[in-house]
Structures are given as structure tokens and as C-alpha cells.
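Below you'll find the structure, written out as C-alpha cells, and then a few comments.
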Amino acid sequence: MPHDAFSLALDHVGDGIVVADMRLRGHPIVQVNAAFEAITGYTAAEALGKNCRYLQGSDRLQPEIAEMRAAMAEGRSCAVTLRNYRQDGTMFRNALRLEPLRDDAGQVTHFVGLIRDVTHAAGIDRLTGLLDRYGLLDRLTAMAVPPPFLLLVKLDIHRFRDVNQGFGYDVGDALLQAAAARFARLPAQAVARVGSNTFVLAFGIDNADAAAPLVDDVMAQMKPRFVLPGASLSVQFAAGYAIDAAGAEPLQLVRQAGAAMQRSKTTPAHPPHAFAVADERDARNRIRLANDLQTAVANEELLFHYQPQVDLGSGELLGAEALLRWNHGAFGMQPPARFISLAEETGAIMDIGAWGLRALASYAARINRARRTPVRFAFNVSVLEFTRRDMVAFVERVLDETGCRAEWLTLELTEDLLVPDPDNIRQSFEALRRLGVGLSIDDFGTGYSNLRYLERFPLSEVKIDRSFVHNVTHSAAKRVIVESVIKLGAALDIRVVAEGIETEAERAIMRALGCSVGQGYLFAAPMDESRFERLLRDGLVLGDGWDARRLLKMFDGDGTVGLK
Numbered sequence: 057m058p059h060d061a062f063s064l065a066l067d068h069v070g071d072g073i074v075v076a077d078m079r080l081r082g083h084p085i086v087q088v089n090a091a092f093e094a095i096t097g098y099t100a101a102e103a104l105g106k107n108c109r110y111l112q113g114s115d116r117l118q119p120e121i122a123e124m125r126a127a128m129a130e131g132r133s134c135a136v137t138l139r140n141y142r143q144d145g146t147m148f149r150n151a152l153r154l155e156p157l158r159d160d161a162g163q164v165t166h167f168v169g170l171i172r173d174v175t176h177a178a179g180i181d182r183l184t185g186l187l188d189r190y191g192l193l194d195r196l197t198a199m200a201v202p203p204p205f206l207l208l209v210k211l212d213i214h215r216f217r218d219v220n221q222g223f224g225y226d227v228g229d230a231l232l233q234a235a236a237a238r239f240a241r242l243p244a245q246a247v248a249r250v251g252s253n254t255f256v257l258a259f260g261i262d263n264a265d266a267a268a269p270l271v272d273d274v275m276a277q278m279k280p281r282f283v284l285p286g287a288s289l290s291v292q293f294a295a296g297y298a299i300d301a302a303g304a305e306p307l308q309l310v311r312q313a314g315a316a317m318q319r320s321k322t323t324p325a326h327p328p329h330a331f332a333v334a335d336e337r338d339a340r341n342r343i344r345l346a347n348d349l350q351t352a353v354a355n356e357e358l359l360f361h362y363q364p365q366v367d368l369g370s371g372e373l374l375g376a377e378a379l380l381r382w383n384h385g386a387f388g389m390q391p392p393a394r395f396i397s398l399a400e401e402t403g404a405i406m407d408i409g410a411w412g413l414r415a416l417a418s419y420a421a422r423i424n425r426a427r428r429t430p431v432r433f434a435f436n437v438s439v440l441e442f443t444r445r446d447m448v449a450f451v452e453r454v455l456d457e458t459g460c461r462a463e464w465l466t467l468e469l470t471e472d473l474l475v476p477d478p479d480n481i482r483q484s485f486e487a488l489r490r491l492g493v494g495l496s497i498d499d500f501g502t503g504y505s506n507l508r509y510l511e512r513f514p515l516s517e518v519k520i521d522r523s524f525v526h527n528v529t530h531s532a533a534k535r536v537i538v539e540s541v542i543k544l545g546a547a548l549d550i551r552v553v554a555e556g557i558e559t560e561a562e563r564a565i566m567r568a569l570g571c572s573v574g575q576g577y578l579f580a581a582p583m584d585e586s587r588f589e590r591l592l593r594d595g596l597v598l599g600d601g602w603d604a605r606r607l608l609k610m611f612d613g614d615g616t617v618g619l620k
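The numbering of the sequence shown is this note's numbering, which starts it at 57 and goes up by one.
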């Protein structure tokens with residue numbers, strides 16, 4: 057075939073073709089076709105003279121690279137699928153086949169590489185180019201030479217929904233791609249994205265003792281800030297891992313790593329967690345809880361415990377937060393952390409929220425009917441309730457049915473509620489405030505973006521998260537943050553409530569900084585209806601060390617708190 061006809065044929069082949077000369081130093085590329093340029097984004101002029109490994113960028117720890125090197129050294133064919141990177145830096149999955157070309161003496165003179173972009177093929181995650189859950193299981197099953205042990209690490213981006221809603225889904229996608237690129241640099245046998253913000257890495261290890269240090273290396277890789285278009289984020293990952301002899305059932309190992317990750321997600325600071333048999337039992341219990349939640353309202357298993365909110369100066373009881381509890385027939389009393397996320401996942405939160413508002417409004421009406429100074433009750437509301445029902449109409453109906461006055465209720469909202477469809481949310485908030493219902497941000501200061509909420513939404517209250525209150529007496533930074541929020545609240549006529557006050561020193565300094573209302577174990581733990589009503593009747597018995605008169609003596613002459 058004439059040379060021009062040969063070149064024309066190459067340019068009409070669907071696969072990318074790259075030819076490397078093995079006789080020259082560095083094995084440079086000497087020919088590429090048009091499909092290569094289209095797939096990689098590199099022009100022929102940019103590719104010629106380079107070694108093919110430039111397509112791998114800094115992602116040089118892929119196990120497939122060792123297979124390619126061995127094949128080229130031995131002068132044989134090979135086929136691998138590896139991560140390559142286009143001219144613009146985006147990753148693609150390259151199904152690469154290498155074929156040697158020999159001269160008349162049988163010596164290898166060139167290698168021809170056939171490149172096929174399989175990023176969007178079956179088993180591949182479209183956004184990141186990593187394996188998906190099916191591709192992961194196929195890869196683990198098909199491992200040709202399994203190592204002595206297989207380590208599976210499952211990771212979840214903590215509060216990923218806040219990123220999507222606070223910065224936009226484009227930033228969320230960019231974070232997933234950036235995380236995938238970091239994972240890809242690790243020496244893993246397989247890397248997969250198996251859920252919205254969940255990844256799995258599989259490593260071959262020689263002994264089980266190597267697992268924990270390797271997991272630490274994974275977490276260290278993810279610790280630096282992610283600098284993305286439009287955001288710079290420090291991201292926390294929950295992680296669980298499981299180890300088994302290679303050749304074991306991959307799906308079982310994935311499940312075990314997932315159960316361990318759930319334990320990490322429910323542990324403060326979310327440290328990596330090694331799988332234990334108890335994790336699998338807890339995972340089964342979660343499935344049962346999710347199923348039983350569907351009938352919790354009908355079976356009258358839900359109730360409230362009440363934690364008083366107190367005037368930090370006088371000790372007067374001003375209100376209470378109604379904290380949801382589930383008295384499960386088999387598992388006993390369950391706190392909301394055990395079931396609210398399950399309720400949101402299954403949709404049961406709609407029935408639970410409706411029951412909760414009616415029950416609390418009825419209780420507030422009964423308690424305040426004969427009181428000269430009414431008690432204000434606060435109640436947490438899920439984001440789904442604002443997106444799936446007309447909350448304004450529902451609240452109006454509940455107030456009419458129960459005889460509760462609007463000003464006796466405050467709806468506590470998490471920060472993620474304030475971002476999706478902000479115009480509709482703001483209109484609902486404005487209508488609720490016109491009714492007289494209070495609106496509060498719970499756990500204020502823990503989200504990715506929050507100060508603008510004070511200006512954008514008609515809030516009546518913010519609750520300073522307990523993490524800022526705890527040990528505030530020994531942290532100048534916390535005091536500055538708390539004082540700033542309090543001053544903003546005063547300027548905008550928004551009440552500020554301090555959560556988690558446990559010591560008299562914390563109460564005193566919060567009062568000195570200008571916060572007038574607090575709740576926490578210094579005053580009272582959450583309590584059932586009968587104890588709360590007895591407290592209302594007999595008066596609040598404050599914790600040891602409380603003395604409102606003594607508060608005045610704790611102030612120095614300049615108005616600061618004496619903490620000696």
C-alpha cells in the first residue's frame with residue numbers, strides 16, 4: 057500500500073494509534089493518527105518525540121504499568137485498561153493494546169499502541185472515569201494473580217450535600233473528580249466510585265498488619281485542601297476498611313467495609329474504622345430500624361423529651377427544645393441520631409414531621425393555657441418537609457386545629473435547608489414569620505457558608521453550636537467567633553441561643569459576651585413530659601455552682617469575666 061494511502065487509512069481508524077520507535081533512546085513516539093489527537097487532545101506535533109508515558113501524567117503507581125513494561129521488555133503483546141490524562145488534564149480510561157513490530161531478523165523495532173477511550177463504557181463511572189460498583193466487582197473477581205490478602209477501603213465525603221447546596225453542583229462534581237484523581241495516585245489494584253460521594257479502593261497486601269498504615273496513607277492523601285473552580289475546601293472523609301484472604305467473596309468484603317464506614321460516620325471526628333463483627337450486626341439493625349420506622353407513628357412509638365432554655369442572667373426558664381425520641385419495641389429508646397437520617401432516606405420523615413408538629417403544638421397549647429408567661433417550644437424541621445409539602449399551609453392548619461399560638465413555636469432549621477431553591481424557601485419563611493412562628497438556625501457556624509443567611513432570610517434566632525461553646529473559657533479564637541455572632545444577632549434583631557453549656561464558667565463568659573439565652577446540662581438534661589411539667593410547677597433547680605448574684609462578682613472592672 058502506498059505511504060499516502062497507509063496514512064489515510066490510519067486517519068480513518070476509530071481507535072487511536074500511536075507508534076513508538078524502540079531503537080531510539082527514550083522510545084519516542086514517531087507517528088499518531090487523527091483519532092489519537094481527538095481522544096487525547098494532543099496534536100501530532102505535541103506528541104511526536106515524547107515517551108508514551110506522558111499520557112499517564114503523575115499517576116505512575118497503576119499496577120497495569122508494570123504489565124506494560126514487562127510486555128515491552130519481553131517483546132510480546134499485552135492488553136490493559138489504565139488511567140490516562142488528556143491535554144486539558146481530564147482523566148480518561150484507556151483500553152490499550154500493545155503489539156510489537158519486528159524486522160527481518162526478528163528484532164522488535166517498534167511498538168504499536170491501539171488506544172480506545174472506554175471512560176463511558178459499562179463498568180465505568182461517567183463523571184470520574186473510575187470503576188463503578190459493577191466494574192469493581194468484576195475487577196476483584198478477575199484478578200489474575202491475587203495477593204495473599206485483599207484490603208478494601210470504603211470512604212464517604214462528610215457533608216457532601218452541603219457542598220452541592222452551598223456552592224453548586226458544578227463545584228460538587230469538581231470535588232468528586234479531584235478526589236478521584238488523588239485516589240488514582242495511590243498504588244491500588246482497583247479504585248471505584250460506588251455511590252454519589254462514596255469511593256472504594258482495593259489493595260493487595262502481604263500481611264494484615266500492613267492494612268492500618270496503608271489506610272493512614274490514604275487519609276493523608278485526602279487531607280490537603282481541595283482548590284476547585286469557585287471554592288477552596290478542606291474536606292473530611294469517613295472511612296471503613298475490611299481485610300480478607302484474596303479470593304474471598306468480593307461482595308461480602310465490600311459490605312464489611314461499608315459497615316465499618318457507617319461506624320466511622322457515627323464516631324466523632326470520623327476516624328478510619330476497621331471492620332468488626334458488631335458492625336455487621338449494627339448494619340442489619342439499621343435495615344430493621346428503617347423498616348420499622350414506617351409504622352413508628354401509627355404504633356405511637358414517638359415522643360418528645362424537653363431541654364429547658366434559660367435566661368443566662370436570671371436563671372428564668374424561657375422555653376424548651378423538643379427533642380425527638382423513638383421508643384422502639386426491641387431496641388428501646390433511640391435518639392434522633394440513630395434514625396433521622398434513615399427517616400429522610402426512606403421518606404418516613406414526612407409522617408414523623410407531621411406528627412411532631414401536631415404533637416408539639418397540642419402540648420404547647422395545653423402547657424401555656426393557664427400560664428401568665430408562656431413557654432416557647434422549638435422543634436427541628438427536615439429539609440424534605442419544605443421541599444415536599446406546603447409548610448405554610450400545614451402550619452396554619454395545625455395552629456387552627458390545636459389552638460396553639462404561632463409565637464409559642466420556633467422551627468429549628470439546619471443550614472442545608474437554606475440553600476436549595478432559595479427564592480421559594482425565603483417566601484415560605486417570610487409567610488411563617490408573618491404568622492408569628494419563630495425561625496432558628498440550629499448548629500450555627502458548622503456549615504460551609506452561613507453568615508449570608510442572617511441577611512437573606514427572615515430569621516428570629518440562631519443557635520451557636522456546642523462545639524464553639526465547649527471550653528470557650530480557654531480559647532480566645534472561640535470567644536472572638538462567638539462574640540462576632542452575638543453582635544451580628546443584636547444588630548439584626550436576631551436572638552442568639554448558646555447550646556451545650558455545661559459549666560458555670562461557660563455560662564458566665566457567654567453572658568459576658570452578650571448572649572442572653574442558653575441551654576445545656578448545667579441547667580437540665582432533656583426530660584420527659586412529667587418531669588418537665590414538674591419543673592414548670594416547682595421551678596428550675598439549677599446545677600451546682602449556679603448563683604445569679606455571684607455572676608456579678610465574676611466580672612472584672614472592664615466588663616470581662618474573671619476566670620482565675
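Beta carbons are placed, not taken as given, at the ideal position from N, Cα and C, and that holds for glycine.
Model, not experiment: these values are computed from the prediction.
Contact check for F331 against V274 fails: the beta carbons are separated by 9 angstroms or more.
As far as DSSP is concerned, I405 takes part in no beta bridge.
Residue environment: Q277 is assigned as exposed (fewer than 16 neighbouring CB atoms within 10 Å of its CB, all protein chains considered). In the DSSP annotation of this structure, the continuous segment of the alpha helix (DSSP H) that includes G314 starts and ends at 306 to 321.
Per the DSSP secondary-structure output, W382 pairs in a beta bridge with L358, Q390. Within the same chain, T96, G97, F148 come within 7 angstroms of R142 by CB-CB distance, once the 5 residues on both sides are set aside.
Going by beta carbons, A246 and G185 fall outside the 9 angstroms limit. Going by beta carbons, A547 and K519 fall outside the 9 angstroms limit. DSSP, reduced to helix, strand and coil, places G222 within a helical segment of the structure shown.
Boundaries for Y141: no alpha helix (DSSP H) harbours it, while the beta strand (DSSP E) harbouring it runs 134 to 141, taken from the DSSP string. Judged by pairs of C-beta atoms under 8 angstroms, the stretch 413 to 425 touches the stretch 441 to 458, as three or more such pairs exist. Measuring C-alpha to C-alpha distances from L465 to each of D446, I408, S496, G105 identifies S496 as the nearest. Q350 and S572 have their alpha carbons spaced roughly 40 angstroms apart. Note that the stretch 284 to 292 does not touch the stretch 261 to 275; fewer than 3 beta-carbon pairs, one per stretch, sit closer than 8 angstroms. Counting along the chain, no alpha helix (DSSP H) covers K519; the unbroken beta strand (DSSP E) around it starts and ends at 517 to 520. Between D77 and T175, the C-beta spacing is not below 9 angstroms. In the three-state reduction of the DSSP assignment, P269 falls in the helix class.
The alpha-carbon separation between Q233 and L207 amounts to approximately 23 angstroms. If only complete runs of 3 or more residues are kept, the stretch 224 to 296 shows the beta strand (DSSP E) at 246 to 251, 254 to 261, 282 to 284, 287 to 289, in order along the chain. Remark: fewer than three beta-carbon pairs, one from each stretch, lie closer than 8 angstroms, so the stretch 382 to 390 and the stretch 364 to 374 are not flagged as touching.
Taking a contact to require three or more Cβ pairs closer than 8 angstroms, the stretch 424 to 441 and the stretch 402 to 409 qualify as touching. In the DSSP annotation of this structure, the continuous segment of the alpha helix (DSSP H) that includes D194 starts and ends at 189 to 197.
When the alpha-carbon of A410 is set against those of L154, R139, R432, L380, the nearest one is in L380. Leaving aside the five residues that flank R249 on each side, the residues in its chain whose CB is nearer than 6 angstroms to its CB run, in chain order, D181, T184, L186, F255. Our two residues, V209 and G260, have alpha carbons roughly 12 angstroms apart in a direct line.
For M147, the enclosing beta strand (DSSP E) stretches over residues 147 to 158. In the structure shown, M128 falls within a helical segment according to DSSP collapsed to helix, strand and coil. Taking the C-beta atoms as reference points, R427 is found nearer than 9 angstroms to L592.
In the DSSP secondary-structure assignment, I85 is bridged to A76. DSSP places S114 in the coil class of the three-state scheme, outside both helix and strand. Classified as exposed, G251 has fewer than 16 neighbouring CB atoms from the shown chains inside 10 Å of its CB. In the DSSP assignment, G545 falls within the alpha helix (DSSP H) that extends over 532 to 547. Put simply, the stretch 522 to 530 touches the stretch 549 to 563. At least three CB pairs are less than 8 angstroms apart. In the assembly as shown, D348 is a buried residue. Its beta-carbon has 16 or more other beta-carbons within 10 Å. A direct Cα-to-Cα measurement between A151 and I171 gives close to 6 angstroms. For Y419 and S397, the gap between their C-alpha atoms comes out near 26 angstroms.
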